[in-house]
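Throughout, the working numbering is defined as the position within the sequence shown, counted from one, plus 1.
Beta carbons: idealized from backbone N, C-alpha and C, even for Gly.
Everything on this sheet refers to the single structure shown next.
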Amino acid sequence: MLPPKDLFMNIAPIPAFSDNYIWMLERDGRVAVVDPGDANPVLAVLTERGVTLDTIIITHHHFDHTGGVKTLKAATNCRVVGPDNPKIEGIDEKLVDGDVAHVLGYDFDVLEVPGHTLDHIALHCADESVLFCGDTLFVGGCGRVFEGTFPMMQDSLAKLAALPPETAVYCTHEYTLANLAFARKVEPQNEHLLAHIEACEQMRTEGLATVPSTIGQELRINPFLRWQSPAIIGQLKQEGRHTGDSPPDVFAAVRGWKDEG
Ligand SMILES: [Zn+2]
Numbered sequence: 002m003l004p005p006k007d008l009f010m011n012i013a014p015i016p017a018f019s020d021n022y023i024w025m026l027e028r029d030g031r032v033a034v035v036d037p038g039d040a041n042p043v044l045a046v047l048t049e050r051g052v053t054l055d056t057i058i059i060t061h062h063h064f065d066h067t068g069g070v071k072t073l074k075a076a077t078n079c080r081v082v083g084p085d086n087p088k089i090e091g092i093d094e095k096l097v098d099g100d101v102a103h104v105l106g107y108d109f110d111v112l113e114v115p116g117h118t119l120d121h122i123a124l125h126c127a128d129e130s131v132l133f134c135g136d137t138l139f140v141g142g143c144g145r146v147f148e149g150t151f152p153m154m155q156d157s158l159a160k161l162a163a164l165p166p167e168t169a170v171y172c173t174h175e176y177t178l179a180n181l182a183f184a185r186k187v188e189p190q191n192e193h194l195l196a197h198i199e200a201c202e203q204m205r206t207e208g209l210a211t212v213p214s215t216i217g218q219e220l221r222i223n224p225f226l227r228w229q230s231p232a233i234i235g236q237l238k239q240e241g242r243h244t245g246d247s248p249p250d251v252f253a254a255v256r257g258w259k260d261e262g
């Protein structure tokens, strides 16, 4: 007989540095962590909860996502899954688009989402409606395009936008309030956005994480996914930033605007 299916994935944030979240997925006394840039807060939680580190998931090579891998692996002998990038030390299982990563008995579809970096991947568990997307999609924002091109990033975000609306979006940074302040400049009349700003300000006052969001929510508020919004296109025209109505054009204009500020 199959074991009963969990009602929900048990996922909690381990705060690191000034605004990173290391997401911890726990099941039956074992845990997986996503993008442990620092080993110390993870080791502290393992001891505190009396759980064993089974797997580290890496989304991309940036040091604030990978800095704790060596120490954690040495301390726990866990396995590490992540992008096929020789720059990242310690990856045991290299993941490419279309792979399925098995983590604590859950199946995660691997999506390549280049743009922020060229090696960036996201992991989507369709059974549990959970997405770990690193620095690609944020609440109300997206990662800076450091290594790829704007059209490449737009294409990657479109892949994430096409996931079911109930998908929970676990990104790595608490950048929400700054992102939403910019989103408001781009789409000042968006009522969903204005309501979400109020809700997130309250959450931050109470010291709560504004992550996760959902794909459905991001489609309503995130200017980096709303490339078909007539209001955004109108605002770009008003600002003298409009170069065309195609999704890559609109994305590039919005991203370029944010990069200036
Ligand atoms: Zn990054």
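C-beta contact flag for residue i and residue j at 7 Å
{"i": "residue 81", "j": "residue 65", "result": "no"}
{"i": "residue 100", "j": "residue 113", "result": "no"}
{"i": "residue 140", "j": "residue 214", "result": "yes"}
{"i": "residue 91", "j": "residue 70", "result": "yes"}
{"i": "residue 242", "j": "residue 228", "result": "no"}
{"i": "residue 232", "j": "residue 244", "result": "no"}
{"i": "residue 62", "j": "residue 89", "result": "yes"}
{"i": "residue 86", "j": "residue 142", "result": "no"}
{"i": "residue 11", "j": "residue 27", "result": "yes"}
{"i": "residue 116", "j": "residue 83", "result": "no"}
{"i": "residue 37", "j": "residue 43", "result": "yes"}
{"i": "residue 182", "j": "residue 226", "result": "no"}
{"i": "residue 13", "j": "residue 25", "result": "yes"}
{"i": "residue 216", "j": "residue 173", "result": "no"}
{"i": "residue 107", "j": "residue 126", "result": "yes"}
Supposed contact pair residue j and residue i - C-beta distance, whole angstroms, cut 8 Å
{"i": "residue 124", "j": "residue 109", "result": "4 Å"}
{"i": "residue 53", "j": "residue 35", "result": "That belief does not hold up - the Cβ atoms of residue 53 and residue 35 are roughly 16 Å apart, past 8 Å."}
{"i": "residue 33", "j": "residue 15", "result": "That pair is no contact at about 12 Å."}
{"i": "residue 105", "j": "residue 31", "result": "6 Å"}
Cα-Cα separation between residue i and residue j, rounded to whole angstroms
{"i": "residue 170", "j": "residue 103", "result": "19 Å"}
{"i": "residue 188", "j": "residue 252", "result": "14 Å"}
{"i": "residue 151", "j": "residue 164", "result": "21 Å"}
{"i": "residue 138", "j": "residue 48", "result": "31 Å"}
{"i": "residue 9", "j": "residue 184", "result": "31 Å"}
{"i": "residue 237", "j": "residue 261", "result": "14 Å"}
{"i": "residue 194", "j": "residue 166", "result": "17 Å"}
{"i": "residue 19", "j": "residue 136", "result": "15 Å"}
{"i": "residue 55", "j": "residue 158", "result": "29 Å"}
{"i": "residue 201", "j": "residue 178", "result": "7 Å"}
{"i": "residue 39", "j": "residue 239", "result": "44 Å"}
{"i": "residue 23", "j": "residue 74", "result": "16 Å"}
{"i": "residue 154", "j": "residue 249", "result": "9 Å"}
{"i": "residue 191", "j": "residue 218", "result": "12 Å"}
{"i": "residue 221", "j": "residue 186", "result": "15 Å"}
{"i": "residue 160", "j": "residue 176", "result": "22 Å"}
{"i": "residue 223", "j": "residue 230", "result": "11 Å"}
{"i": "residue 198", "j": "residue 211", "result": "10 Å"}
Closer than 6 Å: residue i CB and nearest ligand 1 heavy atom
{"i": "residue 136", "result": "yes"}
{"i": "residue 63", "result": "yes"}
Near ligand 3: residue i beta-carbon under 6 Å from a heavy atom
{"i": "residue 232", "result": "For the structure depicted, ligand 3 is absent and the ligand set comprises only ligand 1."}
CB contact check: residue i to chain C, cutoff 7 Å
{"i": "residue 78", "result": "Of the protein chains in the structure, only one exists, and it is not chain C."}
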